[in-house]
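The structure under discussion appears below in the form of structure tokens.
In the UniProt record's numbering, the protein residues as written are 1 to 76.
In structure tokens, the structure reads:
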């Protein structure tokens, strides 16, 4: 699912506005924690938790050229 980083909460947590209209608290997975810097406004791929719908894991961050391509091809 796509989402947009809205607010940095600290301790690897981010408030995310998901494209289904729900605001979730996202957790940066350890796999991308040190490799990728996430800023407010970035487009992210998230996976909602099955047992708590208001939380999710951040799986991937799109770069600007990738976001432009997604918008051009109507994925966003």
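In this text, a Cβ means the ideal position worked out from N, Cα and C, and glycines have one as well.
Look up residue i in the DSSP assignment and say whether it is helix, strand or coil.
i          : result
residue 76 : coil
residue 64 : helix
residue 3  : strand
residue 26 : strand
If residue i and residue j are in contact, beta carbons under 8 angstroms, what's the gap, nearest whole angstrom?
i          : j          : result
residue 5  : residue 41 : 6 angstroms
residue 17 : residue 56 : With a Cβ gap of about 11 angstroms, residue 17 and residue 56 do not count as contacting.
residue 36 : residue 61 : 5 angstroms
residue 3  : residue 46 : 5 angstroms
Using the DSSP secondary-structure output, state which residues sit across from residue i in a beta bridge.
i          : result
residue 47 : 57
residue 10 : 13
Given that a residue counts as buried once 16 or more other Cβ atoms are within 10 Å of its Cβ, and exposed if not, what is residue i?
i          : result
residue 44 : buried
residue 30 : exposed
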